[in-house]
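**Student:** Chains as they are written, first to last, in our numbering: chain A, 14 to 440; chain B, 14 to 440.
Where a beta carbon is used, it is the ideal one built from N, C-alpha and C, also for glycine.
Please find one structure pasted underneath; my questions will follow.
Rendered as structure tokens:
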């Protein structure tokens, strides 16, 4: 963890280094992924089975390729009542939030008599990637599948690696709740390629979303354009802006809730109170050893954590904008005033009683958010990622007479005579 | 040009081949682009000057790096009155259409007492790529720059190669009309890299849009994630669905308006009238030789053109959906009935008096549209490409008590104790 203060003479240099530090793994996976993707494109299921044997250690022909709906229902019915209620509550709230994202069509006729508008349609098929093993999160199933379902996607396909054939029943239960249509026991770059190209068994999809390791992320990046993808995702991060009136233990827990995800995760505290900064640092040290995730959390906090003391909370906001964090907590008396001045953040959590983790699970907004400063230009996952817009025009002889001559003039000056002629013939 | 009929026994096979035919150049540009991008990242303006000398044949230090505002104004003032009026009309109509795309923020408190919503902000800086030389189109400047301006982007940077130092004054005039802030004399993959990383002279941007050759497209694809991009673009295409009551010359001109763009462009006619199909084919042959773009148009039409006879116009619609064309004309008495059944198309032109070219210039909707079957999942360029959404949440002790326990249960089952603790401490 580094400590900075805006009053340090070297602050600008040190903060710029923090902003520019790359936490993303630069492993040379691109070449391996190209090979895997080409194999699946050319050989389909045979390649998929071979890579699954190699990387996940099981024989798809023995374990079965697809996990049947009856297994998901069984997993759902076997849930402890409080967990079932929690997943049902989360699903209902996520659906309600995303329902409001559905865009409106437009269809108007302007003063020149030109009818013009736009119509939104759902994509036909979406694929969601859900990691297996340690990071098999039912919340990821809900967050990726429900926006697709709300958008109106007809075919919702989930792929998930099942190392040695094993799968987390909570993930299956979440697939059942979220209304997934197919679940396939495949993962890695090979599963992403199968979704993009289609194989003998797995039908191709139009959009692929969902979290994954560096191979999965690189496969999505390489296949972007053949299919739509959600985003290029990196390690998760939180920035907390807190005054000295917070309980240090609460803020320490918030910081650790990102640190425990991955050694590359980042947690940053801005505060205007140096004594509070000390108290939070102590509370982190106290809590961290008690976590079952202590090893990961400690590596992340030691390597990427930061506490920055500012003269005022307001002074933190332009610095936050430079970080453009995935998650931003504003833990102070009047968070709205600060929030009004924030421009770049994936999701913002206002006030002392809004820990970031509430947004990871049950609040409603999506937890798939832009990382690595991408909140400067990207948004969290939404219904729009599973829809597309068709614009349309309709002119009649009068409206074409009104605006057509301008089109002819421009087409001629651009050296496109057939463009000009197609309008001029109708004038 | 190929002729197909849905009554042919081999139609399914032949049409599937047409759908799957790749018209995109498979040149191995990726490696060259990686080299260029890395050079500009590491060496900045020195690399930019060297590549410009090599590819565009001029010395940036001699010609100047930047084209000053006074030159754009001079270009605008030197426009012939009808051209100036045409560009002004186009700009006003494009701005009016895109103004309606601005998304609404949301901010509500639900029955559990949870405040939740989303706020849209413009990105700070956008870069638009405008090709130089033969395909230097002022309409591209308007179509890329105006949505950015409407979104509220503060800094709008245009890059355009000026082969041997020359630039099309119409492009400069369009930059002036569209409210561009900076114009730089650089192009190719090196210009895209300069926009993404920034150099000593050119400040980095957040989103890069605009048409370009295979090198430009590949550079955008490689830099996607560091910056936002509009889309992976391929050769343009038109599908016309027309009954036998159309003037064959009009429909021929519409088909040729795509063919003349590039040898890889594609024009396809669906009609329920075999005699009309013959008449259009003849009209194409008659018109094509008269075009100044004859060579390109003929190569495109001969290689990629198609005329498909169907039993009814309705029969064409599912076939159109499989093609998911960039442009779709519905030239018949009741285009709305057909349009209601279309799902995948970038932009649709309804009725006999709506040639596609009217949408290229002055109608208002954007002419930057998904190609190569990407209308299955992608949309045309819009204000949304220059904005991003921040979700937000605010809970109080009562609302956290209502939904917090479910978050604790889910965090615990996912093995994330700090997530659970950050909520539980506040309950």
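Expressed to the nearest angstrom, what Euclidean distance is found between the alpha-carbon atoms of residue 391 of chain B and residue 163 of chain A?
**Tutor:** Position 378 of the second chain, counted from the first residue, corresponds to residue 391 of chain B. Position 150 of the first chain, counted from the first residue, corresponds to residue 163 of chain A. Distance between the alpha carbons of residue 391 of chain B and residue 163 of chain A is about 18 Å.
**Student:** Closest to residue 304 of chain A by CA distance: which of A/316, A/269, A/334 and A/429 is it?
**Tutor:** Here residue 304 of chain A corresponds to residue number 291 of the first chain, with the count starting at 1. Out of A/316, A/269, A/334 and A/429, A/269 has the C-alpha closest to the C-alpha of residue 304 of chain A.
**Student:** Suppose you measure from the CA of residue 332 of chain B to the CA of residue 135 of chain A; what does that come to, to the nearest Å?
**Tutor:** Start at 1 with the first residue of the second chain, and residue 332 of chain B comes out as number 319. Start at 1 with the first residue of the first chain, and residue 135 of chain A comes out as number 122. Cα-Cα distance, rounded: 18 Å.
**Student:** Residue range of the beta strand (DSSP E) that residue 400 of chain B falls in?
**Tutor:** For the purposes of this step, residue 400 of chain B is identified with residue 387 of the second chain, where counting begins at 1. Its beta strand (DSSP E) spans residues 400–407.
**Student:** Compare the Cα-Cα distances from residue 240 of chain B to each of A/426, A/384 and A/396 and report the closest residue.
**Tutor:** By one-based count along the second chain, residue 240 of chain B stands at place 227. The residue with the shortest Cα to Cα distance from residue 240 of chain B is A/384.
**Student:** My parser needs the beta strand (DSSP E) runs of 3 or more residues fully inside the region 94–157 of chain B; what are they?
**Tutor:** The region 94–157 of chain B contains these whole beta strand (DSSP E) runs: 119–122, 128–135 and 138–142.
**Student:** With respect to the alpha helix (DSSP H) encompassing residue 396 of chain A, which residues constitute its N-terminal and C-terminal limits?
**Tutor:** For this step, residue 396 of chain A is matched to residue 383 along the first chain. Looking at the DSSP string, residue 396 of chain A is not in any alpha helix (DSSP H), and its letter there is neither H nor E.
**Student:** Is residue 74 of chain B buried or exposed, if buried means 16 or more other CB atoms sit within 10 Å of its CB?
**Tutor:** Your numbering for residue 74 of chain B matches position 61 in the second chain. Result: exposed.
**Student:** In chain B, which residues lie less than 7 Å from residue 367 of chain A when you measure between Cβ atoms?
**Tutor:** By 1-based counting over the first chain, the position of residue 367 of chain A is 354. The contacting residues are 406, 407 and 408.
**Student:** Can you say whether residue 32 of chain B is buried or exposed, counting buried as having 16 or more other CB atoms within 10 angstroms of its CB?
**Tutor:** The residue you call residue 32 of chain B lines up with position 19 of the second chain. When all chains shown are included, residue 32 of chain B counts as exposed.
**Student:** If the cut-off is 8 Å on Cβ atoms, which residues from the region 348–361 of chain A count as contacting chain D, listed in chain order?
**Tutor:** You won't find chain D in this structure, because its protein chains are A and B.
**Student:** Are residue 339 of chain B and residue 313 of chain B close, meaning C-beta to C-beta below 9 Å?
**Tutor:** Numbered from its first residue, the second chain carries residue 339 of chain B at position 326. Numbered from its first residue, the second chain carries residue 313 of chain B at position 300. No; because the gap between Cβ atoms is not below 9 Å, this pair is not in contact.
**Student:** With DSSP as the reference, please indicate the residues paired to residue 343 of chain B in a beta bridge.
**Tutor:** Reading the second chain from its first residue, position 330 is the one you call residue 343 of chain B. According to DSSP, residue 343 of chain B bridges with B/254 and B/363.
**Student:** Whole beta strand (DSSP E) runs in the region 220–296 of chain B with 3 or more residues, listed along the chain?
**Tutor:** Fully enclosed beta strand (DSSP E) runs of 3 or longer: 220–222, 250–255 and 279–284.
**Student:** CB-CB under 8 Å to residue 356 of chain A, same chain, minus the five flanking residues each way: which ones, in chain order?
**Tutor:** Residue mapping note: residue 356 of chain A aligns to position 343 of the first chain, counting from 1. Only 334 meet the Cβ criterion.
**Student:** Is it the case that the Cβ atoms of residue 238 of chain A and residue 234 of chain B are separated by a distance below 9 Å?
**Tutor:** For the purposes of this step, residue 238 of chain A is taken as residue 225 along the first chain, with counting starting at 1. For the purposes of this step, residue 234 of chain B is taken as residue 221 along the second chain, with counting starting at 1. It is a contact, given that the beta carbons lie within the stated cut-off.
**Student:** Would you mind working out which of B/184, B/118 and B/161 sits nearest residue 87 of chain B, comparing C-alpha positions?
**Tutor:** Along the second chain, one-based indexing puts residue 87 of chain B at 74. Per the Cα distances, B/184.
**Student:** Can you tell me whether residue 197 of chain A is helix, strand or coil according to DSSP?
**Tutor:** Locating residue 197 of chain A in the first chain gives position 184, counting from the first residue. Residue 197 of chain A falls in the strand class under three-state DSSP.
**Student:** Could you name the residues of the same chain whose beta carbon sits closer than 7 Å to that of residue 352 of chain A, not counting the 5 residues immediately before and after it, in chain order?
**Tutor:** In the first chain, the residue the question calls residue 352 of chain A occupies position 339. Counting only Cβ-Cβ distances below 7 Å, and skipping sequence neighbours, we find 343, 361 and 363.
**Student:** According to the neighbour-count rule (16 or more other Cβ atoms, all chains shown, within 10 Å of its Cβ), is residue 90 of chain B buried or exposed?
**Tutor:** Residue numbering aside, residue 90 of chain B sits at position 77 when the second chain is read from its first letter. Residue 90 of chain B comes out exposed.
**Student:** Touching or not, the region 100–120 of chain B and the region 149–164 of chain B, by the rule of three or more beta carbon pairs under 8 Å?
**Tutor:** They touch, by the three-pair rule.
**Student:** Do residue 246 of chain A and residue 381 of chain A have their beta-carbon atoms positioned less than 9 Å apart in this structure?
**Tutor:** Indexing the first chain from 1 puts residue 381 of chain A at position 368. Indexing the first chain from 1 puts residue 246 of chain A at position 233. Yes, the Cβ-Cβ distance between residue 381 of chain A and residue 246 of chain A is below 9 Å.
**Student:** When the cut-off is 9 Å and only beta carbons count, does residue 33 of chain B lie next to chain A?
**Tutor:** For the purposes of this step, residue 33 of chain B is identified with residue 20 of the second chain, where counting begins at 1. No, residue 33 of chain B does not count as interfacial toward chain A.
**Student:** Using only CA atoms, which one of A/56, A/95, A/265 and A/226 lies nearest to residue 432 of chain B?
**Tutor:** Residue 432 of chain B sits at position 419 when you count from the first residue of the second chain. Here the closest residue by C-alpha is A/265.
**Student:** By the 10 Å Cβ neighbour count, where 16 or more other Cβ atoms means buried, how is residue 202 of chain B classified, buried or exposed?
**Tutor:** On the second chain, position 189 is the one that residue 202 of chain B refers to. Classification for residue 202 of chain B: buried.
**Student:** Assess contact between the region 122–140 of chain A and the region 207–226 of chain A, defined as three or more Cβ pairs (one per stretch) separated by less than 8 Å. Is contact present?
**Tutor:** With a cut-off of 8 Å, the region 207–226 of chain A and the region 122–140 of chain A count as touching, because enough Cβ pairs lie within range.
**Student:** Can the beta-carbon of residue 65 of chain B be found closer than 9 Å to that of residue 174 of chain B?
**Tutor:** On the second chain, position 52 is the one that residue 65 of chain B refers to. On the second chain, position 161 is the one that residue 174 of chain B refers to. Contact: yes.
**Student:** Determine the burial state of residue 255 of chain A: buried for a count of at least 16 other Cβ atoms within 10 Å of its Cβ, exposed for fewer.
**Tutor:** Residue 255 of chain A sits at position 242 when you count from the first residue of the first chain. That one is buried.
**Student:** Run through the DSSP bridge pairs and tell me what residue 319 of chain B is partnered with.
**Tutor:** Here residue 319 of chain B refers to the residue found at position 306 of the second chain. BP columns for residue 319 of chain B point to B/15 and B/281.
**Student:** From residue 297 of chain A to residue 290 of chain A, what does the alpha carbon distance come to, in whole angstroms?
**Tutor:** For the purposes of this step, residue 297 of chain A is taken as residue 284 along the first chain, with counting starting at 1. For the purposes of this step, residue 290 of chain A is taken as residue 277 along the first chain, with counting starting at 1. Their backbone Cα atoms lie some 11 Å apart in a straight line.
**Student:** Measuring alpha carbon to alpha carbon, tell me which residue in B/251, B/423 and B/228 is nearest residue 93 of chain A.
**Tutor:** Within the first chain, the letter at position 80 stands for residue 93 of chain A. Comparing Cα-Cα distances from residue 93 of chain A to each of B/251, B/423 and B/228, the minimum goes to B/423.
**Student:** Would residue 401 of chain B be called buried (16 or more neighbouring beta carbons within 10 Å of its own) or exposed?
**Tutor:** In the second chain, residue 401 of chain B corresponds to position 388, counting from 1. Flag for residue 401 of chain B reads buried.
**Student:** Determine the chain B residues that contact residue 220 of chain A at a beta-carbon separation under 7 Å, and present them in chain order.
**Tutor:** On the first chain, position 207 is the one that residue 220 of chain A refers to. The answer, in chain order, is 390.
**Student:** Is there a C-beta anywhere in chain B that falls below 9 Å from the one on residue 427 of chain A?
**Tutor:** Along the first chain, read from residue 1 onward, the residue named residue 427 of chain A stands at position 414. Closer than 9 Å to some Cβ of chain B, the Cβ of residue 427 of chain A qualifies, so yes.
**Student:** Name the one or two DSSP bridge partners that residue 169 of chain B has.
**Tutor:** Residue numbering aside, residue 169 of chain B sits at position 156 when the second chain is read from its first letter. Per DSSP, B/139.
**Student:** Just checking, does the region 193–201 of chain B make contact with the region 78–87 of chain B on the three C-beta pairs under 8 Å criterion?
**Tutor:** Judged by Cβ distances under 8 Å, the region 193–201 of chain B makes contact with the region 78–87 of chain B, as three or more pairs qualify.
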